[in-house]
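*Asks:*
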Amino acid sequence: MRRMIAVLAAALVAPALATASPASAQVAPIDPAAAMKGQLKPKHGVQFSETAKLTYDGRSFMSQTTKGAYEFNKSGVAASDTKFQIKISKDLRELLKGEEGETLSAFAEQTRLISVKGKNYLNGGAFSEGLPEGKSWVRVTGKDVIPPKGMTSQPIDVTEPKTYGRLLADATTTVPGGKVGGARTTRYKGTITVGELYKLSPSFRKTQGERPTGSAAKTKLTWSIWVDTRGLPRRVFTYSEEELGKGLGALRDSVDTYYTAWGSRVTVQEPPAGKVVDIKDLDEDVPDITRLPTDINGTLSLVRE
């Protein structure tokens, strides 16, 4: 009797499985833009680490290492907590003069920057000297505030769903990417000009300021994005290369960014009020952090000359 029931059950279930099988085998393709948009939730975020390098004729001129976390809201990155450090070579140090060199040199020691609620809080390096007793954080407010994404060197902002989705759709090559951070990935490759990225990406427009024109707009950015099975980026690598002329070698600017812990709880908080001093209340001069992006661009121009 038990065997007969089993045979009967199998006979009844088999047609249902046969009918359901084709439908269940169809897996909806991943929509990267939708996957990224699904990450943009208050109090959630992502961890990242980044290395930016400027090399000339194969020699390292300058590098910046950055690591930290972004806190999201429904629109994108709402706050950040990052640590960064800049190293410049002896050759570049000899070329740099005045305020540009001083600003870059001031960040030779690791500096922490919290950007939250429209304010900046700085700690470490040049911001740990000359502070009043009991104070360990310098607060910046008003027009001089660096935005939450201000310390990344990565020109491609994958936290913008439209930008991220468009780049992957325009990829010229798609290959297995191996494992990145323990996750199986697909590597998308492509190129985009600075002018095209300016049109596409709001954050790139904000960091660039004026619209690029002429040869600057035609500069090509070669990119690779490693995407996991959920449709989320695990690594973004971009570089641009410029031949400076016959016998002068090439200038290469590259940025390699890794993302981990997508969807983790991230809450960026202001330092304790009793540990904070306003930058305007300091007697001694401190580096003007708002000049940092300008000085890096100025350094690029100087090396080109």
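Quick note on numbering: the sequence shown equals residues -25 to -1, 1 to 280 in mature numbering (1 follows the signal peptide of the UniProt record, and there is no 0).
In this text, a Cβ means the ideal position worked out from N, Cα and C, and glycines have one as well.
According to DSSP, simplified to helix, strand and coil, what is residue 177?
*Replies:* Counting from 1 along the sequence shown, the entry for residue 177 is found at position 202. Helix.
*Asks:* Take residue 218 and list the residues in its own chain whose beta-carbon comes closer than 6 angstroms to its own, dropping the five residues that flank it on each side.
*Replies:* Along the sequence shown, one-based indexing puts residue 218 at 243. Cβ within range, chain order: 225.
*Asks:* In chain order, what residues of the same chain lie with their CB nearer than 8 angstroms to the CB of residue 288, ignoring the 5 residues before and after it?
*Replies:* Because the chain spans -25 through 280 in this model, residue 288 falls outside it and cannot be assessed.
*Asks:* How would you write the range of the beta strand (DSSP E) that residue 213 sits in, first residue to last?
*Replies:* Sequence index remark: in the sequence shown, residue 213 carries index 238 (1-based). Segment 208 to 218, the beta strand (DSSP E) holding residue 213.
*Asks:* Can you list, in chain order, the residues of its chain with a C-beta nearer than 6 angstroms to that of residue 46? Leave out the 5 residues immediately preceding and following it.
*Replies:* Locating residue 46 in the sequence shown gives position 71, counting from the first residue. These residues qualify, in order along the chain: 20, 53, 54, 241, 243.
*Asks:* Helix, strand or coil for residue 37 per DSSP?
*Replies:* Counted from its first residue, the sequence shown places residue 37 at position 62. Residue 37 falls in the strand class under three-state DSSP.
*Asks:* How should residue 130 be labelled, buried or exposed, when 16 other C-beta atoms within 10 angstroms of its C-beta is the threshold for buried?
*Replies:* Start at 1 with the first residue of the sequence shown, and residue 130 comes out as number 155. Classification of residue 130: buried, given that the 10 Å Cβ count is 16 or more.
*Asks:* Going by CA-CA distance only, name the one from 71, 111, 133, 126 that's closest to residue 57.
*Replies:* Start at 1 with the first residue of the sequence shown, and residue 57 comes out as number 82. Among 71, 111, 133, 126, the Cα nearest to that of residue 57 is on 126.
*Asks:* I believe residue 102 touches residue 67 by the beta-carbon criterion, under 8 angstroms. Please report the beta-carbon distance rounded to the nearest angstrom.
*Replies:* Within the sequence shown, residue 102 is the residue found at index 127, counting from 1. Within the sequence shown, residue 67 is the residue found at index 92, counting from 1. About 23 angstroms; that fails the 8 angstroms criterion.
*Asks:* In this structure, does DSSP put residue 167 in helix, strand or coil?
*Replies:* On the sequence shown, position 192 is the one that residue 167 refers to. Three-state result, residue 167: strand.
*Asks:* Quick one: Cα of residue 77 to Cα of residue 11, how far?
*Replies:* Translated into positions along the sequence shown, residue 77 becomes position 102. Translated into positions along the sequence shown, residue 11 becomes position 36. Approximately 39 angstroms, taken between the alpha carbons.
*Asks:* Going by Cα to Cα distance, which pick from 158, 191, 159 is closest to residue 173?
*Replies:* Start at 1 with the first residue of the sequence shown, and residue 173 comes out as number 198. Minimum Cα distance to residue 173 is reached at 191.
*Asks:* Pull up the distance between the alpha-carbon of residue 260 and that of residue 121, whole angstroms please.
*Replies:* For the purposes of this step, residue 260 is identified with residue 285 of the sequence shown, where counting begins at 1. For the purposes of this step, residue 121 is identified with residue 146 of the sequence shown, where counting begins at 1. Approximately 18 angstroms, taken between the alpha carbons.
*Asks:* Once the 5 residues before and after residue 180 are set aside, which same chain residues still bring their CB inside 7 angstroms of it?
*Replies:* What you label residue 180 is simply residue 205 of the sequence shown in a count that begins at 1. Within the same chain, residue 180 has close Cβ partners 173.
*Asks:* So residue 69 is in the alpha helix (DSSP H); what residue range does that whole segment cover?
*Replies:* Indexing the sequence shown from 1 puts residue 69 at position 94. Residue 69 -> alpha helix (DSSP H) spans 65 to 70.
*Asks:* Hey, is the region 110 to 120 in contact with the region 82 to 99, meaning 3+ C-beta pairs nearer than 8 angstroms?
*Replies:* Yes, they touch.
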